[in-house]
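Read the structure below first, then the notes.
This is the structure we're talking about:
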């Protein structure tokens with residue numbers, strides 16, 4: 081079920097992204113080409129899918145909010161472009177193609193990331209929705225993408241480079257660096273669906289758990305995964321001397337912990353309606369992923 085849902089939502093989001101990322105004039109073509117290079121490189125579009133699935137779980141038809149979903153993917157891609165830069169993880173491949181800075185140079189890659197981030201919020205602001213839930217969704221997304229979330233996690237990750245860190249700091253980095261954009265996607269969908277406050281609080285907890293599960297499996301795939309399936313080289317964490325759940329617990333121990341968290345996440349939604357089926361099954365799907 082999850083694979084079919086992801087294929088369906090990815091096709092819808094892809095169309096939105098192509099429409100959004102059309103250069104307004106030839107003067108901007110290089111910038112937009114760099115943006116498209118990374119955004120249109122494929123992928124499951126997990127964050128837009130989670131946004132749409134949350135809206136459905138909370139009783140709204142998500143298809144009417146596809147531009148907002150596409151904007152979430154733009155924010156995610158901006159983070160990947162900057163993460164791949166020589167000053168960060170210094171990666172040459174992403175989603176099976178050379179990274180943005182390898183094709184367009186570092187300056188254009190930085191600008192492409194900047195443009196994706198800022199333009200994403202312009203797209204979100206044009207969503208035809210009541211003002212209060214729209215502002216709540218945008219504000220939550222901005223906080224999770226910035227100093228209350230992903231950027232703070234990136235900064236902590238950079239500061240910890242080459243050091244052995246404990247489980248508490250690792251959990252903080254993983255929640256902020258990875259989990260924050262899952263939280264942005266899920267909770268913004270709940271706000272736009274005008275979900276009840278208790279539902280929103282449950283989804284905040286659920287999204288944090290989902291972020292941990294995704295990062296743990298990512299850590300294991302960096303050791304055991306197939307680079308051809310992943311679309312990028314493995315061994316990046318070892319190259320950058322990073323502490324991960326796989327290095328702390330071993331691959332088997334890390335996956336056991338991920339499955340424990342997946343069970344906890346699923347239980348949070350057991351009494352939700354059938355429309356929440358995708359969210360209920362997503363934690364187990366993350367544990368089984370190979371790319």
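Numbering (this note's numbering), first residue to last: 81 to 371. All C-beta atoms, glycine included, are put in the ideal place defined by N, C-alpha and C. Because the structure is a prediction, the values reported are computed rather than measured.
Tell me, please, which residues DSSP counts as bridged to residue 178. 173
What's the gap between the Cα of residue 249 and the Cα of residue 104? Distance between the alpha carbons of residue 249 and residue 104: 44 Å.
Do residue 341 and residue 289 come within 7 Å of each other at the CB atom, strictly closer than that value? yes
Assuming residue 111 and residue 97 make a contact with CB atoms under 8 Å, what is their CB distance in whole Å? Between residue 97 and residue 111 the Cβ distance is about 15 Å, and since that is not below 8 Å, they are no contact.
Residue 188: buried (16+ other C-beta within 10 angstroms of its C-beta) or exposed? buried
Reduced DSSP secondary structure (H/G/I, E/B, other) of residue 247: helix
is_contact[residue 202, chain D] using C-beta, thresh 7 Å: Looking at the structure shown, chain D is missing, and only one protein chain is on hand.
Between residue 227 and residue 163, what straight-line distance do the alpha-carbon atoms span, to the nearest angstrom? Looking at the two C-alpha atoms, the distance is approximately 16 Å.
Report all residues from its chain with a CB closer than 7 Å to the CB of residue 146; omit the five preceding and five following residues, and keep chain order. Excluding residues within five positions, the ones whose Cβ falls inside 7 Å are 92, 93 and 96.
Report all residues from its chain with a CB closer than 6 Å to the CB of residue 349; omit the five preceding and five following residues, and keep chain order. 356, 359 and 360
Quick check on residue 363: buried or exposed, where buried means 16 or more other Cβ atoms within 10 Å of its Cβ? The residue in question, residue 363, is buried, as its Cβ has 16 or more Cβ neighbours within 10 Å.
Are residue 232 and residue 256 close, meaning C-beta to C-beta below 7 Å? yes
Applying the criterion that 16 or more other CB atoms from any shown protein chain within 10 Å of the CB defines a buried residue, is residue 238 buried or exposed? exposed
Among 155, 236, 222 and 134, whose alpha-carbon lies nearest the alpha-carbon of residue 354? 134
Which ranges does the alpha helix (DSSP H) cover as unbroken runs of at least 4 residues, wholly within the stretch 188 to 276, from first to last along the chain? 211 to 225, 230 to 239, 247 to 254 and 260 to 272
Just checking my contact of residue 387 with residue 167 at CB under 8 Å: how many whole Å lie between their CB atoms? Absent from the model: residue 387. The displayed extent of the chain is 81 to 371, so no value can be given.
Closest to residue 118 by CA distance: which of 106, 136 and 161 is it? 161
Check whether residue 252 and residue 296 have beta carbons under 7 Å apart: no
Short of 6 Å in beta carbon distance, which residues of its chain neighbour residue 265, apart from the five on each side in sequence? Order them along the chain. 127, 130, 131 and 152
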